[in-house]
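In my numbering, the protein residues as written are 1 to 490. By construction, the Cβ of each residue, glycine as well, lies at the ideal position given by its N, Cα and C atoms. To start, the structure itself, in structure tokens.
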Amino acid sequence: MSSEYTPPVQGTGFKATVQRIGGHLAGMVMPNIGAFIAWGLITALFIPTGWLPNEEFGALVDPMVKVLLPVLIGYTGGRLVHGQRGAVVGAVATMGIVVGADMPMFLGAMLIGPLAAYVLRLFDGLVQDRVRPGFEMLVDNMSAGVIGAGVALLGNWGIGPVMQAIASAAEAGANWMIEHGLLPLVSVVVEPAKVLFLNNAINHGVFTPIGTAQAAETGQSIMFMIESNPGPGLGLLIAFWMFGPRRLRPSVPAAGIIHFLGGIHEIYFPYVLMKPRLILAVIAGGATGVGTFLITGAGLVAAPSPGSIFAYLPVMTPGGWWGTLLGIVLATAASFLVAAALMGFGRVARREEAAEAAAAEAESAQATDHTDDAGAAPARVPDLDEEDDMSIQGNDVKKIIVACDAGMGSSVMLASQLRRQLAKQDVTVAHTPVNSIPADADVVVCHQGLADRARKSAPGKTIIPVQVFIGDPAVNRLIAAVKGGGAIDG
1 MSSEYTPPVQ GTGFKATVQR IGGHLAGMVM PNIGAFIAWG LITALFIPTG WLPNEEFGAL
61 VDPMVKVLLP VLIGYTGGRL VHGQRGAVVG AVATMGIVVG ADMPMFLGAM LIGPLAAYVL
121 RLFDGLVQDR VRPGFEMLVD NMSAGVIGAG VALLGNWGIG PVMQAIASAA EAGANWMIEH
181 GLLPLVSVVV EPAKVLFLNN AINHGVFTPI GTAQAAETGQ SIMFMIESNP GPGLGLLIAF
241 WMFGPRRLRP SVPAAGIIHF LGGIHEIYFP YVLMKPRLIL AVIAGGATGV GTFLITGAGL
301 VAAPSPGSIF AYLPVMTPGG WWGTLLGIVL ATAASFLVAA ALMGFGRVAR REEAAEAAAA
361 EAESAQATDH TDDAGAAPAR VPDLDEEDDM SIQGNDVKKI IVACDAGMGS SVMLASQLRR
421 QLAKQDVTVA HTPVNSIPAD ADVVVCHQGL ADRARKSAPG KTIIPVQVFI GDPAVNRLIA
481 AVKGGGAIDG
């Protein structure tokens with residue numbers, strides 16, 4: 001009766017709480033994105049308004065979206081709570097709300113799957129070490145069957161109707177905003193939330209369920225395009241490359257390629273966090289893109305994940321592909337123009353660099369004066385308020401974990417880079433969600449915006465916060481220390 005459940009960490013503050021809840025929601029959807037894309041491809045190709053209408057193949061669309069996808073979400077949610085046993089009862093319980101529903105029950109699956117698994121986990125905890133030898137399998141199977149059936153009946157009778165009402169209200173609200181031309185205003189909330197690493201929670205926890213329900217009825221949905229549009233991030237990166245600080249410009253072209261072609265949007269978040277006023281640029285880009293999609297009637301048949309232009313192409317609708325591409329182009333242009341203006345077309349960066357150079361020169365002169373007066377520079381006195389980060393020797397590092405919010409975006413990219421650069425070292429490099437850092441990790445690398453959550457999730461481990469995902473000095477120092485055996489300070 002073992003459990004694979006990793007309890008959510010207790011982060012600090014509202015931001016950490018929202019990130020943690022959003023991470024759980026995204027964690028139920030993201031592992032199943034391949035199934036969503038499969039459904040989207042079948043829908044795009046074979047429904048009556050699709051690219052290749054086919055009645056026989058089109059018959060797959062309805063049962064996949066109403067049964068298969070919710071059951072997969074319930075299965076995954078149950079597995080997150082209580083391993084394989086939780087996954088099974090989560091899937092069984094999800095069938096209780098699926099049967100009889102006239103719309104895809106994604107929100108219901110996100111609730112009832114983990115709920116059923118949690119009830120089973122409580123039962124397993126109660127009977128653990130109390131079952132007589134030889135009866136373990138009987139108790140395991142009977143408890144899973146009884147609890148799965150009971151929660152399925154509860155879902156069909158009580159939870160299902162409530163969740164259907166909530167989902168209907170959310171869809172009605174989205175339709176109202178579309179009808180009144182207010183949908184671009186959503187970018188005022190979405191774009192700032194994205195750069196706080198809530199992108200997966202917003203896209204897969206909110207927009208994907210609503211969009212899938214709309215696509216099942218009308219053949220397409222604009223909801224898939226609100227968060228995933230790569231245009232705002234691309235425009236920002238181009239402006240940063242042309243007018244940003246010179247020391248950061250070399251990292252931008254690679255970031256742009258990874259963002260636009262690879263679909264890893266997290267790679268541009270650090271550039272916004274370094275200069276928060278640039279959030280206005282991505283809001284302008286996001287609103288412009290959504291407005292263009294709304295005016296042209298563009299929509300996708302499934303969630304493009306990751307948010308790459310290559311992921312957009314297979315799920316475009318026959319009549320809306322030009323509007324989709326136009327929305328991406330105009331979003332890029334709007335984001336670029338606003339970002340360039342906010343950076344003074346290079347003047348702001350030049351002033352900041354001049355100020356930094358003057359400050360460095362003054363500090364150097366002051367240090368020289370102190371050395372002349374006392375014969376040696378004074379030793380640095382540690383600040384008592386500084387956080388006591390753990391340190392480790394490079395020779396002792398056997399496992400490096402790269403963590404991000406969902407464990408499937410920026411962490412995959414950065415882990416791949418580290419794996420290549422440390423290929424000749426006896427070091428394992430893996431990627432995980434920040435809430436599920438394994439106990440055998442020696443060093444944890446994550447963006448500085450997630451560092452507090454990483455410290456709570458992996459107490460006593462060496463945490464390496466980074467600002468950018470390409471060419472960050474902290475990552476370079478980590479690689480050098482592992483290869484040379486030097487000290488690694490968190």
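Restricting attention to Pro-276, Ala-144 and Asp-452, the CA atom closest to the CA of Ala-403 is found in Asp-452. Sorting Met-103, Ala-487, Pro-473 and Gly-231 by C-alpha distance to the C-alpha of Ser-168 places Met-103 at the top. The beta carbons of Ala-93 and Gly-74 sit about 6 Å from each other, so the pair counts as a contact at 8 Å.
Here the region 321-332 lies against the region 228-235, with 3 or more beta-carbon pairs under 8 Å apart. Look at Leu-41 here: in three-state DSSP terms it is helix. DSSP lists Ser-221 and Met-316 as the beta-bridge partner residues of Leu-300. When the five nearest sequence neighbours on each side are left out, the beta carbons in the same chain lying within less than 6 Å of the beta carbon of Gly-58 are those of Phe-46 and Ile-47, in order along the chain. The C-beta of Lys-398 has fewer than 16 other C-beta atoms within 10 Å across all chains shown, which makes the residue exposed. Under the three-state reduction of DSSP, Val-444 is assigned to strand. Looking at Val-252, Pro-473 and Leu-261, the one whose alpha-carbon comes closest to that of Val-272 is Val-252.
With respect to the 8 Å criterion, Gly-77 and Gly-113 are classified as neighbours on the basis of their beta carbons. With 16 or more other Cβ atoms inside 10 Å of its own Cβ, Gln-214 counts as buried. Going by DSSP, Val-466 is part of the beta strand (DSSP E) stretching over 462-466. Scanning the region 180-259 for uninterrupted beta strand (DSSP E) segments of 3 residues or longer gives nothing; none is fully contained. At the C-beta level, Ala-474 and Ala-481 stay beyond 8 Å of one another. Note: Val-402 is bridge-paired with His-431 and Val-445 in the DSSP secondary-structure output.
In terms of Cα proximity to Ala-298, the closest of Leu-325, Met-30, Leu-278 and Thr-288 is Leu-325. Val-190 sits close to Gly-286, with the two beta carbons spaced by under 8 Å. In the three-state reduction of the DSSP assignment, Gln-421 falls in the helix class, which pools H, G and I. One Cα belongs to Asn-156, the other to Ile-279, and the distance between them is close to 44 Å.
The closest CA to that of Met-343, considering only Pro-276, Gly-158 and Gly-460, is found on Pro-276.
Per the coordinates, the alpha-carbon of Gly-320 lies some 9 Å from the alpha-carbon of Phe-293. Leu-111 is positioned such that its CB atom lies no closer than 8 Å to that of His-82. Of Ser-187, Arg-249, Ile-37 and Ile-264, the smallest CA-CA separation from Glu-227 is found for Ser-187.
Pairing Val-29 with Leu-72, the inter-Cα distance amounts to about 9 Å. Under DSSP, Gln-393 forms a beta bridge with Ala-487.
Under the three-state reduction of DSSP output, Ile-283 falls in the helix class. Put simply, of Gly-291, Ala-339 and Gly-263 the residue whose alpha carbon is nearest the alpha carbon of Gly-409 is Gly-263. Ile-295 sits exposed, since fewer than 16 C-beta atoms from the chains shown fall within 10 Å of its C-beta. Thr-218 counts as exposed, since fewer than 16 other C-beta atoms from the protein chains shown sit within 10 angstroms of its C-beta. By alpha-carbon distance to Ala-415, the top candidate from Thr-428, Asp-396 and Ala-117 is Thr-428.
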